[in-house]
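Below is one structure, written out as structure tokens; comments come after it.
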Amino acid sequence: MAELFAFLLSGVTVGFIYALVGLGFTVIYNSSGIINFSQGEFVMAGGMSAVFLMYAGVPLGFAFILAIISVSVIGIILYKLLSISKDSSHISLIILTLGFAIFLRGLAQVIFDKQLHTMPSFVGDGSFEIFGAILSYQSLLVIVVSLIIVISLYLFFKRTKTGQAMVAASVNVDAARLMGINIKKILVLNFAISAVIASIGGILLTPITSTNYEVGIMLGLKGFSAAIIGGLGNPWGAVAGGLLLGILESLVAGYISSEYKDAVAFVVLLAILFFMPGGIFGNLKAQRV
Amino acid sequence: MNFLERINITKEILIFTAILIVVPFVLQNEFHFQLAILAMLNAMICIGLNLLMGYAGQVSLGHGAFAGLGGYIGAILTTEYQFNPLLSILSAVIFMGIFAFIISKPILKLKGHYLAMATLGIGVIINIILNVEYEITGGTDGMAVDSFILFGFELFESMHWYIVVALLLVFTLWIFDNLIKSPFGRILRSIRDSEKAADCVGINVSFYKSVVFTISVVVATIAGSLYGFFSGFISPQEASFNHSIELVVMVVLGGLGRLYGAVIGATILTVLPQLLTAFEEYETLIFGLIIIAIMIFMPKGIVSLWDKILEFKERKFAKSA
Amino acid sequence: MLKVRSVTKKFGGLVAVDNLSFDVKKGSIHSIIGPNGAGKTTLVNMLTGVYKLDSGTVFLDGGDITNIPTNRLVHRGICRTFQNLQVCDNLTVLENVLLGFDKYMSKNLLKTFFRSQKILDDEERYFQRGMHLLSLIGLEEYAHKEAKNLSYGILKRLEIIRALATGPELILLDEPVAGLNTKETQEVSELIKLLVQDDVTVILIEHDMKMVMDISDTITVMNFGQKLAEGTPQEIANNKDVIQAYLGNEGHHG
Numbered sequence: 313m314a315e316l317f318a319f320l321l322s323g324v325t326v327g328f329i330y331a332l333v334g335l336g337f338t339v340i341y342n343s344s345g346i347i348n349f350s351q352g353e354f355v356m357a358g359g360m361s362a363v364f365l366m367y368a369g370v371p372l373g374f375a376f377i378l379a380i381i382s383v384s385v386i387g388i389i390l391y392k393l394l395s396i397s398k399d400s401s402h403i404s405l406i407i408l409t410l411g412f413a414i415f416l417r418g419l420a421q422v423i424f425d426k427q428l429h430t431m432p433s434f435v436g437d438g439s440f441e442i443f444g445a446i447l448s449y450q451s452l453l454v455i456v457v458s459l460i461i462v463i464s465l466y467l468f469f470k471r472t473k474t475g476q477a478m479v480a481a482s483v484n485v486d487a488a489r490l491m492g493i494n495i496k497k498i499l500v501l502n503f504a505i506s507a508v509i510a511s512i513g514g515i516l517l518t519p520i521t522s523t524n525y526e527v528g529i530m531l532g533l534k535g536f537s538a539a540i541i542g543g544l545g546n547p548w549g550a551v552a553g554g555l556l557l558g559i560l561e562s563l564v565a566g567y568i569s570s571e572y573k574d575a576v577a578f579v580v581l582l583a584i585l586f587f588m589p590g591g592i593f594g595n596l597k598a599q600r601v
Numbered sequence: 532m533n534f535l536e537r538i539n540i541t542k543e544i545l546i547f548t549a550i551l552i553v554v555p556f557v558l559q560n561e562f563h564f565q566l567a568i569l570a571m572l573n574a575m576i577c578i579g580l581n582l583l584m585g586y587a588g589q590v591s592l593g594h595g596a597f598a599g600l601g602g603y604i605g606a607i608l609t610t611e612y613q614f615n616p617l618l619s620i621l622s623a624v625i626f627m628g629i630f631a632f633i634i635s636k637p638i639l640k641l642k643g644h645y646l647a648m649a650t651l652g653i654g655v656i657i658n659i660i661l662n663v664e665y666e667i668t669g670g671t672d673g674m675a676v677d678s679f680i681l682f683g684f685e686l687f688e689s690m691h692w693y694i695v696v697a698l699l700l701v702f703t704l705w706i707f708d709n710l711i712k713s714p715f716g717r718i719l720r721s722i723r724d725s726e727k728a729a730d731c732v733g734i735n736v737s738f739y740k741s742v743v744f745t746i747s748v749v750v751a752t753i754a755g756s757l758y759g760f761f762s763g764f765i766s767p768q769e770a771s772f773n774h775s776i777e778l779v780v781m782v783v784l785g786g787l788g789r790l791y792g793a794v795i796g797a798t799i800l801t802v803l804p805q806l807l808t809a810f811e812e813y814e815t816l817i818f819g820l821i822i823i824a825i826m827i828f829m830p831k832g833i834v835s836l837w838d839k840i841l842e843f844k845e846r847k848f849a850k851s852a
Numbered sequence: 133m134l135k136v137r138s139v140t141k142k143f144g145g146l147v148a149v150d151n152l153s154f155d156v157k158k159g160s161i162h163s164i165i166g167p168n169g170a171g172k173t174t175l176v177n178m179l180t181g182v183y184k185l186d187s188g189t190v191f192l193d194g195g196d197i198t199n200i201p202t203n204r205l206v207h208r209g210i211c212r213t214f215q216n217l218q219v220c221d222n223l224t225v226l227e228n229v230l231l232g233f234d235k236y237m238s239k240n241l242l243k244t245f246f247r248s249q250k251i252l253d254d255e256e257r258y259f260q261r262g263m264h265l266l267s268l269i270g271l272e273e274y275a276h277k278e279a280k281n282l283s284y285g286i287l288k289r290l291e292i293i294r295a296l297a298t299g300p301e302l303i304l305l306d307e308p309v310a311g312l313n314t315k316e317t318q319e320v321s322e323l324i325k326l327l328v329q330d331d332v333t334v335i336l337i338e339h340d341m342k343m344v345m346d347i348s349d350t351i352t353v354m355n356f357g358q359k360l361a362e363g364t365p366q367e368i369a370n371n372k373d374v375i376q377a378y379l380g381n382e383g384h385h386g
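Chains as they are written, first to last, in our numbering: chain P, 313 to 601; chain L, 532 to 852; chain D, 133 to 386.
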């Protein structure tokens with residue numbers, strides 16, 4: 313029982329990171345219809361920048377803020393690149409984001425290095441015991457911060473004027489434009505928010521699983537799977553999908569095979585695509601006829 | 532119709548064959564030959580992938596994995612079970628063909644991003660299996676592959692490999708050109724433009740999608756298993772997500788729905804990374820930048836440049852006349 | 133030739149087509165009209181295998197064709213056009229027509245790969261027939277232009293010609309003149325009359341009353357998924373229920 317509980321706890325911790333990546337996907341997808349294949353690299357960039365700023369002697373809190381700001385600048389650059397592309401067919405935009413992902417990986421190799429890096433826990437090495445399972449302070453921090461992000465994002469879209477304008481723009485671009493909403497600004501903001509969410513995920517994850525220049529590939533793919541599993545375009549779905557993936561992965565690693573852990577996300581993804589193409593929570597845009 | 536037209540020997544294929552004949556005289560060392568052969572094998576995969584993506588309009592982010600898995604099957608049958616290499620390749624083709632046909636039904640019902648993710652998912656799962664089942668595949672380190680011996684003759688020298696692969700490539704180009712110019716090709720293009728239109732004139736859309744998917748996987752399997760025998764080594768790297776992405780980029784870079792676009796894209800993206808190794812740690816970064824630049828400035832692919840030149844000439848001609 | 137018997141289709145709680153029956157006579161132009169939302173396009177989709185019926189049967193020349201998928205119906209002699217044009221943009225005009233001949237042409241893979249004589253003969257034969265069909269609507273000169281470069285009005289007729297190429301006994305036209313000007317509407321009317329001369333039976337869904345009254349042999353009026361009236365154009369024009377339904381509907385809009 314304690315063992316099961318331990319697996320669940322570690323699953324939830326990682327699950328929240330997947331949820332953040334999936335949420336980042338959803339923010340960009342909902343506003344622009346673009347699937348951003350460099351979302352995982354945003355996560356990597358957040359973690360790596362924080363690590364190297366820390367190495368450079370920048371105080372931890374300040375390093376985090378700098379890392380988050382630089383990744384959001386990267387997000388805005390991606391938006392600029394996408395908006396000057398001459399072709400808007402989704403295959404060429406997908407490839408553009410893939411190219412950007414490769415570029416970011418290359419950039420990380422040049423600015424940082426190819427080694428594995430980690431950070432000490434931000435909140436000390438202590439831990440709790442819950443039903444015999446151990447939950448480290450850092451894991452708790454991941455859970456708490458992720459929840460704060462999810463809730464504040466919800467409040468932002470529901471309660472603030474800017475947030476509502478962004479929702480309006482994603483539902484109907486033309487109507488929003490007529491209402492005097494500046495679509496370009498909204499898109500820039502969406503890309504920046506998405507990058508901020510991703511970079512926070514990357515920073516939170518580093519003390520738990522370490523990071524290197526390649527860590528974004530799998531994180532991105534799993535976050536994308538989480539978004540589709542929950543129902544592409546549905547933010548709550550992305551969070552639920554991320555948690556589900558994290559928990560299933562942890563259970564498979566614990567009880568079945570740690571080697572096949574990484575396959576879990578994709579097996580679930582295929583099952584969902586074949587049998588529930590709208591995702592667990594459904595979405596309006598399922599493209600299956 | 533003259534004889535060349537009847538058997539569909541086009542200007543393009545003659546020029547391309549001529550280039551393939553000249554190239555060996557330009558290549559200076561063993562490494563150059565290996566690169567040329569690798570480029571031709573990638574070109575083969577891309578021709579098949581282009582039929583699927585460019586003509587029938589169905590994206591696949593898993594073709595690297597299909598080529599890799601096919602390669603492994605060929606390699607294992609010969610290396611572990613002493614199958615004749617040709618028989619190994621044939622077995623791999625049959626297995627992968629059936630596999631592709633079976634999975635194509637549920638996958639190709641999906642569209643757009645969902646289709647991309649389903650093919651990606653299958654590809655990643657294949658890659659993980661190849662990594663994990665090390666007793667059969669050699670795991671992450673890959674496995675050595677026995678040499679290609681046919682009728683007591685060992686295909687060993689690069690020049691011999693070059694000739695075999697070049698012949699195969701020209702043959703592939705020819706039969707695909709025949710297909711594209713046939714009612715079958717027209718059906719594929721109609722599916723890309725409007726599945727409803729195809730359906731309403733009596734075309735069984737899902738069947739044709741399955742067939743074209745299977746054809747593209749079979750071609751990838753042949754190229755993938757030849758790669759194993761040629762390099763004497765195969766690793767999960769061949770079946771990785773990255774390789775799948777590279778193949779898609781090759782097709783789009785050359786020009787979606789353009790037969791020779793796939794060949795040009797494959798050649799450039801095979802040779803380019805080798806040239807970029809000169810930049811050492813900047814290699815990946817520059818590679819990414821090039822992809823971004825092409826997608827921004829030439830989204831219709833390199834072959835579209837040729838169209839623009841022709842258009843320009845025509846306009847000039849129209850003006851002067 | 134076509135017998136529709138008590139067909140019903142529900143979407144959730146909404147009954148789109150409710151226990152509808154009617155007969156279509158061979159060689160006639162049979163129009164189906166009704167206010168917006170009466171269930172006309174749903175009916176077309178039911179007759180052509182796009183939607184599965186909740187109940188009811190459809191017979192063609194005595195054979196049961198209920199719920200046969202669209203692409204197989206073509207082989208039974210039924211073809212349709214779409215309200216929102218379905219033409220292949222990147223194919224030439226001629227290629228779009230050739231698509232209609234598809235069911236007669238060999239698609240054998242081996243023959244295709246090796247460019248057998250059969251494939252070439254097919255192309256040659258149907259090239260001639262395709263050009264002939266295009267000449268009926270005066271489009272030969274556009275034969276090798278990509279469809280996307282042509283006007284909406286021309287493409288509407290091209291879609292009908294493509295349907296004709298499949299050699300059908302029955303064609304269902306879903307709003308063939310929607311969005312067309314008077315001259316283009318006239319051209320489509322001419323084309324429909326041509327179809328009937330070719331022994332093709334036509335089911336026409338249309339809002340353009342003038343055209344419907346002009347060319348129909350029989351009219352079925354639908355309202356709220358049910359049959360409201362049926363008869364010759366003359367009878368329908370004088371039917372009180374029909375006038376009431378249309379006026380009532382207009383009233384809601386106005």
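Ideal Cβ positions, reconstructed from N, Cα and C, are used throughout, including at glycine. These figures come from a predicted structure and were not determined experimentally.
message: Going by DSSP in three states, D:V400 sits in which element: helix, strand or coil?
response: Here chain D covers residues 133 to 386 and nothing more, so residue 400 of chain D does not appear.
The stretch 707 to 716 of chain L in contact with the stretch 627 to 645 of chain L per 3-pair CB rule at 8 Å: no
- prompt: In chain L, which residues lie less than 8 Å from D:V206 when you measure between Cβ atoms?
  reply: C731, V732, G733
query: Just the Cα atoms here: how many angstroms apart are P:H429 and P:T521?
result: 9 Å
query: Hey, does L:H644 have any beta-carbon neighbour from chain P nearer than 9 Å?
result: yes
- request: Determine whether the Cβ of D:A361 lies closer than 9 Å to any Cβ atom of chain L.
  value: no
task: Please say whether L:S771 and L:N658 have beta carbons closer to each other than 9 Å?
output: yes
- request: Could you check the C-alpha separation between L:E814 and L:P804 for me, to the nearest Å?
  value: 7 Å
field: Per-residue DSSP class, three states only, for L:Q768
entry: helix
- prompt: Nearest to P:G528 by alpha carbon, out of P:F319, P:G492, P:E315, P:Y330?
  reply: P:Y330
- prompt: Buried or exposed: D:F233, going by 16 or more other Cβ atoms within 10 Å of its Cβ?
  reply: buried
field: Test: L:K640 CB closer than 9 Å to a CB of chain D
entry: no
field: Partners in chain L for D:V219, counting only beta-carbon separations shorter than 9 Å
entry: D724, S725, A728
task: For D:R80, count neighbouring C-beta atoms within 10 Å of its own C-beta (all shown protein chains included) and say buried if the count is 16 or more, exposed if not.
output: Lying outside 133 to 386, the shown extent of chain D, residue 80 of chain D is not represented and no answer is given.
- request: Closer than 8 Å by C-beta to D:K86: which residues in its own chain qualify, once you throw out the five before and the five after it? Chain order, please.
  value: There is simply no residue 86 of chain D to check, as chain D begins at 133 and stops at 386 in what is shown.
- prompt: In whole angstroms, what is the alpha-carbon distance linking D:T140 and D:S153?
  reply: 10 Å
query: Is the CB of D:V228 under 9 Å away from at least one CB in chain L?
result: In the sequence under discussion, the amino acid at residue 228 of chain D is Asn, which differs from the Val named in the question. Yes, because at least one Cβ of chain L sits closer than 9 Å to the Cβ of D:N228.
- request: Measure from the C-beta of L:R897 to each C-beta in chain D and report whether the shortest distance is under 9 Å.
  value: Summary: the structure shown does not reach residue 897 of chain L, with chain L confined to residues 532 through 852, and so no result is reported for it.
task: Closer than 8 Å, Cβ to Cβ, to anything on chain L: give me those residues from the stretch 321 to 342 of chain P, in chain order.
output: none
query: In this structure, does DSSP put P:G532 in helix, strand or coil?
result: helix
message: Given a cut-off of 9 Å on the beta-carbon distance, is the pair D:L230 and D:Y258 in contact?
response: yes
- prompt: Based on Cα-Cα distance, which residue from P:V500, P:N342, P:A552 lies nearest to P:T325?
  reply: P:A552
message: Count Cβ pairs between the stretch 781 to 800 of chain L and the stretch 662 to 682 of chain L that sit closer than 8 Å; are there 3 or more?
response: no
message: Taking the beta carbon of P:P519 as the centre, do at least 16 other beta carbons fall within 10 Å, making it buried, or is it exposed?
response: buried
message: Does P:D574 come out as helix, strand or coil in the three-state DSSP assignment?
response: helix
task: Would you list, in sequence order, the uninterrupted alpha helix (DSSP H) runs of no fewer than 4 residues that lie entirely inside the stretch 457 to 535 of chain P?
output: 473 to 483, 485 to 490, 495 to 521
Per-residue contacts from L:P637 into chain D (C-beta, under 7 Å): None at all; the shortest Cβ gap to chain D is about 18 Å.
- prompt: Using the C-alpha atoms, what's the distance from L:E777 back to L:G832?
  reply: 15 Å
message: Taking a contact to mean a Cβ-Cβ separation below 9 Å, would you say D:L134 touches D:L179 in this structure?
response: yes
- prompt: What is the residue span of the alpha helix (DSSP H) that D:H276 lies within?
  reply: Run containing D:H276: none; DSSP gives neither H nor E here.
message: Buried or exposed for D:Q218, going by 16 or more other Cβ atoms inside 10 Å?
response: buried
task: Taking only beta-carbon positions, decide if L:Y813 is within less than 9 Å of chain P.
output: yes
- prompt: How many Å lie between D:P308 and P:L544 at the Cα?
  reply: 36 Å
- request: Specify the secondary structure class of L:N533 as computed by DSSP and reduced to three states.
  value: coil
- prompt: Can you give the Cα-Cα distance for P:R600 and P:G535, rounded to whole angstroms?
  reply: Only weak support exists for where P:R600 lies, its pLDDT of 33 falling under 50; the coordinates are left without a value.
task: Report, in whole angstroms, the separation of the C-beta atoms of L:I765 and L:V676, which I expect to be a contact under 8 Å.
output: 6 Å
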